[in-house]
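First comes the structure, then the notes that go with it.
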Amino acid sequence: MARQILIDCDPGTDDAIALFMALGDPRLDVRLVTVAGGNVGLAHTLRNARALVGLSGKAVPVVAGAERPLMGSFQDAAHVHGEDGLGGVRLPEGPAAAAGIAADAIREALRAAGPAGLTLVGIGPATNLALALATEPGLLANVAEIVLMTGAWAEGNVTPAAEFNAWSDPEALAVVLGCGRPVTLVTLELSAQALATPARIEALSRGGSGACREAACGILAATPPSRRLGGAGSPQHDSCAIAWLLAPEAFTRREVFVEVDCGTGPGRGQTVVDRWERLGRKANATLLDTLDAEVFFALLDRSLSRLP
Ligand code: RIB
Ligand code: CA
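For reference, each letter of the sequence shown is one residue, going 0 to 307 in numbering that gives the first Met the number 0.
Right under this line is the structure:
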C-alpha cells in the first residue's frame, strides 16, 4: 500500500528535485501539491509546480496558497533560484491549477485520508500548513507525520542564525511545531550531506533519458554551488524530506526539543535545536542527523527512470 502524502512547496530548484523523486516512486501516493510564495513569488512557484507535475505525467492536483507569511513581509530567494525559480530552465506549461486555496485543500485531503492517513511534507515556508492545522484542529488526528525541510542547528543560510523556510514564516513554523503530531526535521546540516556535485549531476545525466531527467539535470546544473559548503555543489534540501519517507534506513536520527525564534531581532527565524537535552524540555521533533548520500542519489536516479 503506497503511503499517502501531500507536498507543500515553493518551487524552487530543490523543490523540483523533490517533486520528481516523489512522483517517480510508486511507494508514495502524492494526493495533492500545494504552493506558497517562497523562493520566488507565488505566480512563479505556482507556474513551476504545475509545469513539474505536468512533466511527470501524474494526475495530481496543484493548488495555490499563501503569497506571504502570517506576519511580516515576503522576501524571495531569487538570487539562488533565478527570477523564474527554476534556474532559467524553461518547461512546458502544466495543467491548470485546481480551484480553491491550499489551506482548504489540505484540510479536505486530511478529511479524506482518515485516521493517521496522510503524511504532510513541508518544503517551503510553513504558512499553508499552519493555516490548515490552526483552522481545523480536529483534523490533526488524520496527520500520520509531518516532515519539514526547515531550520538549522549550526548556522543559517539566509541570515547567520536562520534557514530560509523558518525565516520566511517563523510564526507558521511555531504553529506546526506545536501541533502535537509527529514532526521530522530536515535541517541544513542534514541536507548538506546530499550535495549535488558536478560528478553526481553527470552520473544522473548518463543514467537514462526522458524529459524529467533532462529537466532535473538542467535544474541541478543551473543551481549555484553553496558558498557555505565550500562551493563543492548544491545541497538538495527538499528531496531529503522525500528520501526519508522512501529509505529511513539511510538516516540516523535523534529526538529533540526545538523552538523557533519569532522575535524581531537578528535571531528571527532561528531554530534552537536542543541536541543534547540541555534544556530539560520534552522532545517535540525527530531530528535527522546523517544520510547515506549514495542511497539518496540512487533513489533520485530510480525515480527519474520511472518518469517520462
Ligand atoms: O533553506 C532551504 C529551503 O528554502 C529549501 O526548501 C529551498 O527550496 C527554500 O525553500
Ligand atoms: Ca523549498
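Backbone N, C-alpha and C define an ideal beta-carbon position, used for all residues, glycine too.
Being a predicted model, the structure only gives us computed values, none of them experimental.
| Check | Outcome |
| --- | --- |
| Option nearest aspartate 310 by Cα separation, candidates Val255, Ala35, Gly81 and Leu138 | Outside the shown range of the chain, which is 0 to 307, sits residue 310, and nothing can be said about it. |
| Those residues which DSSP pairs with leucine 147 across a bridge | Gly121 and Leu184 |
| Selected residue, minimal CA-CA separation from glycine 150, among Ser302, Ala63 and Ala165 | Ala165 |
| Ligand 1 heavy atom lying under 6 Å from the CB of asparagine 156 | yes |
| CB of serine 72 within 7 Å of CB of proline 124, strictly | no |
| Three-state secondary structure (DSSP) of valine 157 | coil |
| Proximity test, isoleucine 122 beta-carbon vs ligand 2 heavy atom, cut-off 6 Å | yes |
| DSSP state of serine 233 mapped onto helix, strand, coil | strand |
| Own chain partners of alanine 173 with C-beta closer than 7 Å, once the 5 adjacent residues on each side are dropped | Val259 and Cys261 |
| Sufficient close CB pairs (3 or more, under 8 Å) joining the stretch 142-162 to the stretch 87-106 | no |
| Unbroken beta strand (DSSP E) run spanning aspartate 288, endpoints | 284-290 |
| Histidine 43 Cβ short of 6 Å to ligand 1 heavy atom set | no |
| Where the alpha helix (DSSP H) containing leucine 22 begins and where it ends | 12-22 |
| Sequence-distant residues of its chain with Cβ nearer than 7 Å to alanine 102 (five each side left out) | Gly64, Asn127, Leu130, Ala131 and Thr134 |
| Presumed contact (8 Å Cβ cut-off) between asparagine 47 and proline 10, rounded CB distance | 4 Å |
| Top-ranked residue by Cα proximity to aspartate 237, from Thr263, Ser190 and Gly37 | Ser190 |
| Sheet register partners of leucine 5 (DSSP bridge) | Leu31 and Leu119 |
| Validate contact between the stretch 286-306 and the stretch 242-254 using beta carbons, cut 8 Å, 3 pairs | yes |
| Same chain only: Cβ atoms within 7 Å of alanine 210, ignoring 5 sequence neighbours per side | Leu54 and Pro307 |
| Leucine 194 - partner residues in DSSP beta bridges | Pro234 |
| Straight-line gap, glycine 217 to leucine 203 (C-alpha atoms, nearest Å) | 11 Å |
| Inter-residue Cα distance where the pair is valine 79 and alanine 220 | 12 Å |
| Residue ranges of each beta strand (DSSP E) within the stretch 61-108, 3 or longer | 61-63 |
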